[in-house]
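Below you'll find the structure, written out as structure tokens, and then a few comments.
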Amino acid sequence: MLYWLTALSDGGDFFNLFRYITFRAGGAFMTALIFGFLFGKPLINVLRKRQGKGQPIREDGPEGHFAKAGTPTMGGLLIVGALATSTLLWARLDNPFVWLVLFVTLSFGLIGFLDDYAKVSKGNHKGVPGRIRLLAGFAIAAVATYWAMSVHAINDADLAARVADYDALAGRLALPVFKDVLINLGLLFIPFGMLVIVGSANAVNLTDGLDGLAIMPVMIAAGTLGIIAYAVGRVDFTEYLDVHYVPGTGEILIFTAGLFGGGLGFLWYNAPPAAVFMGDTGSLALGGALGAIAVATKHELVLAVVGGVFVVEALSVIIQVLYYKRTGKRVFLMAPIHHHYEKKGWAEPQIVIRFWIISLILAMIGLATLKVR
722 MLYWLTALSD GGDFFNLFRY ITFRAGGAFM TALIFGFLFG KPLINVLRKR QGKGQPIRED
782 GPEGHFAKAG TPTMGGLLIV GALATSTLLW ARLDNPFVWL VLFVTLSFGL IGFLDDYAKV
842 SKGNHKGVPG RIRLLAGFAI AAVATYWAMS VHAINDADLA ARVADYDALA GRLALPVFKD
902 VLINLGLLFI PFGMLVIVGS ANAVNLTDGL DGLAIMPVMI AAGTLGIIAY AVGRVDFTEY
962 LDVHYVPGTG EILIFTAGLF GGGLGFLWYN APPAAVFMGD TGSLALGGAL GAIAVATKHE
1022 LVLAVVGGVF VVEALSVIIQ VLYYKRTGKR VFLMAPIHHH YEKKGWAEPQ IVIRFWIISL
1082 ILAMIGLATL KVR
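Printed below as a string of structure tokens:
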């Protein structure tokens, strides 16, 4: 919205700063951070008053988690509110990718909110049935993937008219490292994109099991994808890096900056011992957002690297369930894998910080794919 302040200027003065994505990204970060600090405590007080006993604790969970009884959930409202406000204030609202990512974030956030509400109102950890959550998630992801393909197709038509030997991106899967490889999935790209978005949302949801465990890797992954979005949205950068040009994705940097600021504001209250949990409201929204950004920027496979912590968490659950059904035995002491390390005696802060370190390493590897061709 503030981008349009440039219309007040003839050029050369302060308002011209609003033309620059990097300046507006900084503004989005600060707006979301201030939002988090201003509304964090009041929101926690409201949630504690409304929820009473707070988030239900699983009876079969690690023993140390019973000490967290009474901690309110739905803290994801703070993050989603901060990033939505900052994005609407600082991003160009005529950019379809901005609305696409916001649509996925808010829609998955609504699913998570209903799930959290069901858990709190029933007083147990069973919320909305898993099948309903998955069906709703896949429906949202189908709309988002088709939307992204449509925007890519418009860009393809425009670029094909101006650039000789242009390779279309709509419906195609780009491979990291291999600069000239595009796999044409056609309409099969829609179910592929659905799996990316829904898989990302649920993987982040599974990771959210310890104080501060999910939010920092989400922030790291979002920051990395924001840099990638900015790079692939600039033709000069894409020519230098030999990556595919996706016009308009630079505005996604503003969204990720808002997510980073809102995430920091939330982490202030979620740091051990947590005063609030993000709940499914936050984890599904943020995970869906990461998946949507990956689909929009044509970096779906890079998301698997940058979000490697989430991938491992999800795989640990899948492996545990399949192996137990087949043999009656468990591979891990408890799944997701962060609970396995709890059962082995690792302290919660030790697990959390080590997972943060791994996330940073994976982010650097993901960024390296931009240059390694």
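Using the working numbering, the first residue of the sequence shown is number 722, and each one after it goes up by one.
Glycine included, C-beta positions come from ideal geometry on N, C-alpha and C.
Quick check on the burial criterion: 16 or more other C-beta atoms within 10 angstroms. Buried or exposed for residue i?
| i | result |
| --- | --- |
| Ile1039 | exposed |
| Ser1037 | buried |
| Asp815 | exposed |
| Ile904 | exposed |
| Ala1068 | exposed |
| Asp1001 | buried |
| Asn926 | buried |
| Ala1062 | Per the sequence shown, residue 1062 should be read as Tyr rather than Ala. The residue in question, Tyr1062, is buried, as its Cβ has 16 or more Cβ neighbours within 10 Å. |
| Gly1008 | buried |
| Gly907 | exposed |
| Pro1057 | buried |
| Val902 | exposed |
| Asp929 | buried |
| Leu764 | buried |
| Ile1078 | exposed |
| Thr826 | buried |
| Leu856 | exposed |
| Gly892 | buried |
| Lys686 | With the chain covering only 722 through 1094, there is no way to say anything about residue 686. |
| Thr794 | buried |
| Ile853 | exposed |
| Gly1087 | buried |
| Gln1041 | buried |
| Gln772 | buried |
Start and end of the alpha helix (DSSP H) containing residue i?
| i | result |
| --- | --- |
| Leu1007 | Gly1000 to Thr1018 |
| Leu798 | Gly797 to Trp811 |
| His846 | Careful: His846 lies outside any alpha helix (DSSP H) and carries neither H nor E. |
| Leu738 | Segment: none, Leu738 is in no alpha helix (DSSP H) and carries neither H nor E. |
| Pro1070 | Glu1069 to Ala1089 |
| Tyr1062 | Ile1058 to Lys1064 |
| Gly986 | Ile973 to Asn991 |
| Lys1046 | Gly1029 to Thr1048 |
| Asn816 | First-last for Asn816: undefined, no H or E at that position. |
| Pro938 | Ile936 to Val953 |
| Leu790 | It should be pointed out that residue 790 corresponds to Ala in this sequence rather than to Leu. Run containing Ala790: none; DSSP gives neither H nor E here. |
| Thr959 | Val956 to Leu962 |
| Lys915 | It is Met, not Lys, that sits at residue 915 in the sequence shown. That run of the alpha helix (DSSP H) goes Phe910 to Thr928. |
Hey, would you say residue i sits closer than 9 Å to residue j, going by beta carbons?
| i | j | result |
| --- | --- | --- |
| Thr977 | Ala950 | yes |
| Gly748 | Leu810 | yes |
| Val919 | Gly1012 | yes |
| Ala1006 | Val801 | yes |
| Trp933 | Ala995 | It is worth fixing the name first, because residue 933 is Gly in this sequence and not Trp. Their beta carbons are under 9 Å apart, which means Gly933 touches Ala995 by this criterion. |
| Phe1076 | Pro938 | yes |
| Ser1080 | Val1023 | no |
| Ile704 | Arg745 | Past the boundaries of the shown model lies residue 704; the chain is included only from 722 to 1094, so the question cannot be answered. |
| Ser807 | Phe750 | yes |
| Gly983 | Ala753 | yes |
| Ile742 | Glu972 | yes |
| Gly1003 | Gly833 | yes |
| Phe824 | Trp868 | yes |
| Leu759 | Tyr990 | no |
| Ala986 | Ala805 | Checking the sequence, you will find Gly at residue 986 rather than Ala. Cβ atoms of Gly986 and Ala805: not closer than 9 Å. |
| Ser921 | Ala1015 | yes |
Which whole-angstrom value is the C-beta distance of residue i and residue j, which I expect to be below 8 Å?
| i | j | result |
| --- | --- | --- |
| Gly796 | Phe998 | 6 Å |
| Gly954 | Thr970 | 4 Å |
| Leu931 | Val1027 | So it is not a contact: roughly 20 Å between Cβ atoms. |
| Ala924 | Val1032 | 6 Å |
| Gly761 | Lys774 | Actually they are not in contact, since the Cβ atoms of Gly761 and Lys774 sit about 21 Å apart, beyond 8 Å. |
| Ile941 | Ala1084 | 5 Å |
| Ala1017 | Val822 | 7 Å |
| Val872 | Phe818 | 7 Å |
| Leu1054 | Lys1065 | 7 Å |
How far does the beta strand (DSSP E) with residue i in it reach, from first residue to last?
| i | result |
| --- | --- |
| Leu903 | Leu903 to Asn905 |
| Leu894 | Arg893 to Ala895 |
(message) Under 8 Å: do the segment 900 to 918 and the segment 861 to 870 share three or more Cβ pairs, one atom per stretch?
(response) yes
(request) Would you be able to state if there are at least three C-beta pairs under 8 Å between the segment 891 to 898 and the segment 839 to 847? (result) no
(message) Measuring CB atoms only, is the segment 1077 to 1092 touching the segment 949 to 964, in the sense that at least three cross pairs come out at less than 8 Å?
(response) yes
(request) Please confirm if the segment 826 to 839 is in contact with the segment 868 to 878, defined as three or more CB-CB distances below 8 Å between the two stretches. (result) no
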